[in-house]
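Under the working numbering, think of the first position of the sequence shown as 4, with each following residue one higher. Idealized CB from N, CA, C, for every residue including glycine. Just so it is clear, the structure is predicted and the values come from calculations on it, not from any experiment.
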Amino acid sequence: MSTLATTVDGLNFKNPFVIGSGPPGTNVKVIKRAFKEGWGGVIAKTVSLDSSKVINVSPRYGKLHANDGKEVIGWENIELISDRKLETWIDEFKEAKDAHPDGILIASVMEEYNKDGWCELIERCQDAGVDAFELNFSCPHGMPERKMGAAMGQDPEMLEEVCGWVMGVSKIPAWAKMTPNITHIEEPSAAALRAGCHGISAINTIRSVIGVNLDTLRPEPSVEGYTTPGGYSSKAVKPIALRMCMEVAQLIKKDFPGRSLSGLGGVETGADAAQFILLGSDTVQVCTGVMKFGYGMVQGLCDELLEFMEGKGFETIDDFKGASLPYFTSHTELVRMQAERKAKQAAEKEAAMVKNDAEWDGDDFVKQSDALSR
Ligand SMILES: Cc1cc2nc3c(=O)[nH]c(=O)nc-3n(C[C@H](O)[C@H](O)[C@H](O)COP(=O)(O)O)c2cc1C
Numbered sequence: 004m005s006t007l008a009t010t011v012d013g014l015n016f017k018n019p020f021v022i023g024s025g026p027p028g029t030n031v032k033v034i035k036r037a038f039k040e041g042w043g044g045v046i047a048k049t050v051s052l053d054s055s056k057v058i059n060v061s062p063r064y065g066k067l068h069a070n071d072g073k074e075v076i077g078w079e080n081i082e083l084i085s086d087r088k089l090e091t092w093i094d095e096f097k098e099a100k101d102a103h104p105d106g107i108l109i110a111s112v113m114e115e116y117n118k119d120g121w122c123e124l125i126e127r128c129q130d131a132g133v134d135a136f137e138l139n140f141s142c143p144h145g146m147p148e149r150k151m152g153a154a155m156g157q158d159p160e161m162l163e164e165v166c167g168w169v170m171g172v173s174k175i176p177a178w179a180k181m182t183p184n185i186t187h188i189e190e191p192s193a194a195a196l197r198a199g200c201h202g203i204s205a206i207n208t209i210r211s212v213i214g215v216n217l218d219t220l221r222p223e224p225s226v227e228g229y230t231t232p233g234g235y236s237s238k239a240v241k242p243i244a245l246r247m248c249m250e251v252a253q254l255i256k257k258d259f260p261g262r263s264l265s266g267l268g269g270v271e272t273g274a275d276a277a278q279f280i281l282l283g284s285d286t287v288q289v290c291t292g293v294m295k296f297g298y299g300m301v302q303g304l305c306d307e308l309l310e311f312m313e314g315k316g317f318e319t320i321d322d323f324k325g326a327s328l329p330y331f332t333s334h335t336e337l338v339r340m341q342a343e344r345k346a347k348q349a350a351e352k353e354a355a356m357v358k359n360d361a362e363w364d365g366d367d368f369v370k371q372s373d374a375l376s377r
């Protein structure tokens with residue numbers, strides 16, 4: 004019988020489905036709800052040392068609809084990291100772990116380019132009993148002037164230094180969360196893995212402008228008539244997320260065997276999750292999906308993934324993790340393989356073609372007839 008239970012970086016997940024950092028993990032109430040509904044793990048909303056610098060606006064979401072407005076396929080947000088105090092978070096991490104000791108609780112952390120700050124944040128969160136860290140090097144909007152989030156994730160040298168600080172004090176696994184707003188995601192990923200991070204999470208949101216209101220002529224989401232580019236997520240980003248996960252997985256396979264990958268971006272179904280795993284993910288995160296369908300969606304995710312595994316005869320996640328990775332190659336190679344196949348077919352056809360009636364043969368009769376028919 005197939006099982007969804009999986010161990011990643013020594014952490015025992017009852018299933019590979021993890022709440023992605025954002026509103027679905029924004030306080031202890033919703034974290035406990037997620038565990039109750041059956042999520043294997045929860046990555047809490049990103050915390051920092053000084054929440055007083057975090058000031059959100061509203062509206063801060065914008066949606067892209069399809070199917071005559073019936074379906075949301077894209078979602079932009081200009082939301083910052085958590086605006087709640089670290090002291091409150093520390094209490095809530097403890098409360099969540101006490102209530103759900105078997106649920107994997109991951110603290111998402113982000114700080115300025117300052118060693119003492121990062122070390123203090125890591126030590127305080129790990130003392131609260133969280134199971135692992137996700138280092139947020141990827142928020143595309145907000146606080147670039149403080150060199151936080153994507154501003155740090157786009158600079159592999161700085162990222163490697165910061166990951167080194169973190170790994171110097173962290174006693175638990177750490178995943179570095181990558182921004183997709185970069186040409187080669189392998190470069191910051193390699194920097195984080197060189198510094199000793201256990202794994203990579205990919206992707207955060209894609210820098211975007213969701214649209215312009217044709218009545219007011221103002222871009223959205225409109226705050227006092229103005230906006231700022233935000234982060235794009237949901238179903239529409241899945242192809243980009245899959246490509247980037249594939250690139251990170253190839254890097255891990257080649258240069259960092261044994262390190263982990265947590266894939267995310269547009270996951271809504273068990274079939275989506277199966278694709279992320281086939282491209283090398285150990286776990287699969289969902290953020291916007293929970294905002295669209297609620298915490299209970301995890302049951303459908305588990306059922307669909309199990310059904311896929313049973314249909315294919317896979318007993319564990321490891322049985323098919325990365326199984327589709329060998330089937331990527333260069334375009335030049337695709338052209339070469341196609342030309343080779345066509346030449347082989349033409350040669351076979353030529354060989355099957357009877358040159359005179361003496362060559363007709365009872366065993367090859369159908370093949371010989373076919374060869375003469377086009
Ligand atoms: C409203 C909103 C808030 C988010 N806040 C955070 C955050 O605090 N930290 C973080 O690392 N990612 C944050 N994210 C990014 C998600 O964790 C995720 O990387 C991204 O949305 C893609 O996955 P999805 O399509 O499943 O949402 C946020 C996403 C949304 C939609």
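Assign residue i to one of two classes, buried (16 or more other C-beta atoms within 10 Å of its C-beta) or exposed (fewer than that).
i           : result
residue 19  : buried
residue 363 : exposed
residue 217 : exposed
residue 141 : buried
residue 188 : buried
residue 12  : buried
residue 180 : buried
residue 215 : exposed
residue 70  : exposed
residue 211 : buried
residue 262 : buried
residue 297 : exposed
residue 90  : exposed
residue 9   : buried
Across which residues does DSSP place residue i in a beta bridge pair?
i           : result
residue 206 : Answer is none; residue 206 lacks a bridge partner.
residue 79  : 65 and 235
residue 107 : 44
residue 180 : 139 and 204
residue 288 : 21 and 267
residue 15  : 10
residue 126 : Beta-bridge pairing links residue 126 to no other residue.
residue 211 : 233
residue 74  : 69
Taking 7 Å as the cut-off, is the CB of residue i close to at least one heavy atom of ligand 1?
i           : result
residue 248 : no
residue 166 : no
residue 333 : no
residue 188 : no
residue 82  : yes
residue 143 : no
residue 182 : no
residue 178 : no
residue 106 : no
residue 291 : yes
residue 286 : no
residue 49  : yes
residue 44  : no
residue 75  : no
residue 280 : no
residue 251 : no
residue 26  : yes
residue 206 : yes
residue 229 : no
Following the continuous beta strand (DSSP E) through residue i, name the residue where it begins and the one where it ends.
i           : result
residue 378 : Not covered by the structure: residue 378. The range shown for the chain is 4 to 377.
residue 22  : 20 to 22
residue 96  : No beta strand (DSSP E) contains residue 96, which is instead part of the alpha helix (DSSP H) from 89 to 102.
Report yes if the C-beta distance between residue i and residue j is below 8 Å; otherwise report no.
i           : j           : result
residue 44  : residue 106 : yes
residue 60  : residue 81  : yes
residue 236 : residue 290 : yes
residue 153 : residue 182 : yes
residue 64  : residue 224 : yes
residue 325 : residue 257 : no
residue 23  : residue 281 : no
residue 6   : residue 318 : yes
residue 159 : residue 191 : yes
residue 378 : residue 21  : This structure cannot settle anything about residue 378, because the visible part of the chain is limited to 4 through 377.
residue 273 : residue 303 : yes
residue 175 : residue 157 : no
residue 67  : residue 206 : no
residue 75  : residue 241 : no
residue 301 : residue 126 : no
residue 427 : residue 54  : Residue numbering for the chain in the displayed model covers 4 to 377; residue 427 lies beyond these limits and cannot be assessed.
residue 58  : residue 47  : no
Starting from residue i, trace the alpha helix (DSSP H) in both directions and tell me its first and last residue.
i           : result
residue 328 : Note, residue 328: premise wrong, no alpha helix (DSSP H); not H, not E.
residue 372 : 368 to 374
residue 227 : Where residue 227 is concerned, there is no enclosing alpha helix (DSSP H), given that its DSSP letter is neither H nor E.
residue 296 : 291 to 296
residue 273 : 273 to 281
residue 165 : 159 to 172
residue 344 : 334 to 355
residue 246 : 241 to 258
Relative to ligand 2, is the shortest distance from any of its heavy atoms to the C-beta of residue i smaller than 7 Å?
i          : result
residue 23 : For the structure depicted, ligand 2 is absent and the ligand set comprises only ligand 1.
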